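Residue numbering for the sequence shown follows our numbering, beginning at 72 and increasing consecutively.
Since the structure comes first, as structure tokens, the remarks are kept for the end.
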Amino acid sequence: MRVAYVTTDPGIPPFGTKGASIHVQSVLRELLAAGHQVTLFSPRLGITAPAEFAEVALHPLPTAPRGDDAEGRAAWALALNDTVARDLARTGPFDFIYERHALFAHGAMEFAARAGIPSALEVNAPLIAEHGRHRRMVRQSDAEASARRAFAAARLLAAVSPAVADYARDLGAPPARTAVIPNGVDPSRFDARPARSGPFTVGFVGTLKPWHDTATLVEAFALLRRDHVPDARLLIVGDGPQRATILARLDQQSLTDAAQLTGAVQPDQIPGWLTRMHVATAPYRGDQPFYFSPLKLYEYMAAGLPVVTSDVGDLAQVLDGGRLGAIVPPDDPAALALALAGLARDPAAGIAMGARARAEVLAHHGWDRIVARILTRATASGQEAA
Numbered sequence: 072m073r074v075a076y077v078t079t080d081p082g083i084p085p086f087g088t089k090g091a092s093i094h095v096q097s098v099l100r101e102l103l104a105a106g107h108q109v110t111l112f113s114p115r116l117g118i119t120a121p122a123e124f125a126e127v128a129l130h131p132l133p134t135a136p137r138g139d140d141a142e143g144r145a146a147w148a149l150a151l152n153d154t155v156a157r158d159l160a161r162t163g164p165f166d167f168i169y170e171r172h173a174l175f176a177h178g179a180m181e182f183a184a185r186a187g188i189p190s191a192l193e194v195n196a197p198l199i200a201e202h203g204r205h206r207r208m209v210r211q212s213d214a215e216a217s218a219r220r221a222f223a224a225a226r227l228l229a230a231v232s233p234a235v236a237d238y239a240r241d242l243g244a245p246p247a248r249t250a251v252i253p254n255g256v257d258p259s260r261f262d263a264r265p266a267r268s269g270p271f272t273v274g275f276v277g278t279l280k281p282w283h284d285t286a287t288l289v290e291a292f293a294l295l296r297r298d299h300v301p302d303a304r305l306l307i308v309g310d311g312p313q314r315a316t317i318l319a320r321l322d323q324q325s326l327t328d329a330a331q332l333t334g335a336v337q338p339d340q341i342p343g344w345l346t347r348m349h350v351a352t353a354p355y356r357g358d359q360p361f362y363f364s365p366l367k368l369y370e371y372m373a374a375g376l377p378v379v380t381s382d383v384g385d386l387a388q389v390l391d392g393g394r395l396g397a398i399v400p401p402d403d404p405a406a407l408a409l410a411l412a413g414l415a416r417d418p419a420a421g422i423a424m425g426a427r428a429r430a431e432v433l434a435h436h437g438w439d440r441i442v443a444r445i446l447t448r449a450t451a452s453g454q455e456a457a
């Protein structure tokens, strides 16, 4: 098939290093592997595409205004809908249109509906509420109207979690065409967990944003070293606005020499960093709405690492009630420290847990399965794809 992949979010460079960028690349990779011809539409094509994406045709869209002009960016995004529809018509014909949902974006899905082209709208977050919490939300009524138009037009709305599906249905997504399809991972990028050597190393991978509870992680790490594993190490892979705060907390706890913050790393380097960890963490705050399908969780599992995460959202279900990873209360450094200490004391239990998690990923959560599931549902005969 000729597939158009549309991502108009000005904050997501498709070939960048943040989680959303990795997500885009993962879907593109599987579309190519399945033999599809792919054209990528994006306003953020300034970063050179890795060689593996050489066959992706790149179609640049107009770039967003620079700076903090929220009104200007909203006007740009709304105007972009006509541009996207026009460019899809001129660049096609396409057999399928796949879009990563963005604020104020409805042009691609409405074009697909008018043209009778199967489409899938991937929704990763309740964007309007999220934007209001973490940034400055302007023209909210226009954003809601745009989302309603996109959700109504999509042949399939693929929500990454039950909470995101609820958000979409609240904005008019037809239940029969809405499906919960969590994120995945490419297991072939990760080797089965080899035996780790050296000091017990607690790891974290991700963009250093407020919703990642690195404060609890640092406090738990301090307790782990004080009470259980004096030579434990902390490895934080990623960068973001919380970096300075994390470094300050480590300094306050006299832990600077026991921790390493790598800064931003390329996606293909993450598997190598995971091999340096004995356990991987995914801490989240309990006072924040949780709607994620964390890529890091599936990467940890694919690497055969024992995982410790917070009991928020549907993460306990993802980890099968603790069979595939340890689950601790959010905002509880002592509980997190105890879970880490238990894995340090019993390496065999951690290895077994990681092996179960990797087997689960291999069986159910490969990106090849995720993308195939979306395409199959969206191209099903009739309009009820879910």
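We put the beta carbon where it would ideally sit given N, CA and C, even for glycine.
Here the structure is a predicted model, which is why all the values come from computation and not from measurement.
Residue i: buried (16+ other C-beta within 10 angstroms of its C-beta) or exposed?
i, result
"I31", "The question about residue 31 has no answer, for the chain in this structure spans 72 to 457."
"T447", "exposed"
"A437", "Rather than Ala, the amino acid found at residue 437 in this sequence is Gly. Buried, by the Cβ-count rule."
"A150", "exposed"
"E126", "exposed"
"R435", "Note that residue 435 is His in the sequence shown, not Arg. Exposed, since its Cβ has fewer than 16 Cβ neighbours within 10 Å."
"I341", "buried"
"T380", "buried"
"S325", "exposed"
"S212", "exposed"
"G425", "buried"
"R416", "exposed"
"I83", "buried"
"A420", "exposed"
"I118", "exposed"
"R207", "exposed"
"E170", "buried"
State the DSSP-derived secondary structure class of residue i, mapped to helix, strand or coil.
i, result
"G425", "helix"
"H130", "strand"
"Q313", "coil"
"L326", "coil"
"Q359", "coil"
"V399", "strand"
"V383", "coil"
"Q340", "helix"
"G274", "strand"
"G437", "strand"
"T249", "strand"
"R219", "helix"
"V350", "strand"
"F168", "Sequence inspection shows Ile at residue 168; the Phe mentioned does not correspond to that position. Reduced to three states, the DSSP call for I168 is strand."
"H94", "helix"
"G178", "helix"
"I83", "coil"
"G393", "helix"
"I307", "strand"
"G143", "helix"
"V77", "strand"
"A410", "helix"
"H202", "helix"
"T287", "helix"
"S190", "strand"
Is the beta carbon of residue j closer than 8 Å to that of residue i?
i, j, result
"P81", "P121", "no"
"H283", "Y355", "yes"
"R100", "A263", "no"
"Q313", "P281", "yes"
"T249", "A173", "no"
"A353", "V336", "no"
"V251", "A236", "yes"
"V442", "V98", "yes"
"T15", "P133", "As shown, the chain starts at 72 and ends at 457. That puts residue 15 outside it, with no answer to give."
"A191", "I445", "yes"
"V109", "A128", "yes"
"K367", "V276", "yes"
"F165", "A229", "no"
"G255", "R440", "yes"
"T285", "L279", "yes"
Select from the options the residue whose C-alpha is nearest the C-alpha of residue i.
i, options, result
"R260", "S381, G334, P136 and G375", "G375"
"V300", "F363, R248, L149 and A408", "A408"
"L411", "V109, F292 and E431", "F292"
"L159", "P258, A244, R73 and A443", "R73"
"V289", "V273, D302 and G384", "V273"
"R296", "Y238, L279, T316 and F271", "F271"
"P338", "V77, P85, A75 and Y76", "P85"
"N195", "F275, A91 and F167", "A91"
"D403", "G396, A419, D382 and P418", "D382"
"R204", "F182, Q359 and W147", "Q359"
"A104", "G138, R157 and D257", "D257"
"G384", "P365, Y371, F124 and A373", "P365"
"A451", "W147, R226, L321 and L390", "R226"
Shorter than 8 Å from the beta carbon of residue i to some beta carbon of chain D?
i, result
"R314", "Checking the listed chains, one finds no chain D in this structure; it contains a single protein chain."
Does the count of Cβ pairs from the region 286-306 and the region 343-356 closer than 8 Å reach three?
yes
Using 8 Å as the threshold, is the region 213-221 in touch with the region 165-183, meaning 3 or more CB pairs across them?
yes
How do the region 186-200 and the region 128-146 stand: do at least 3 beta-carbon pairs fall below 8 Å, yes or no?
no
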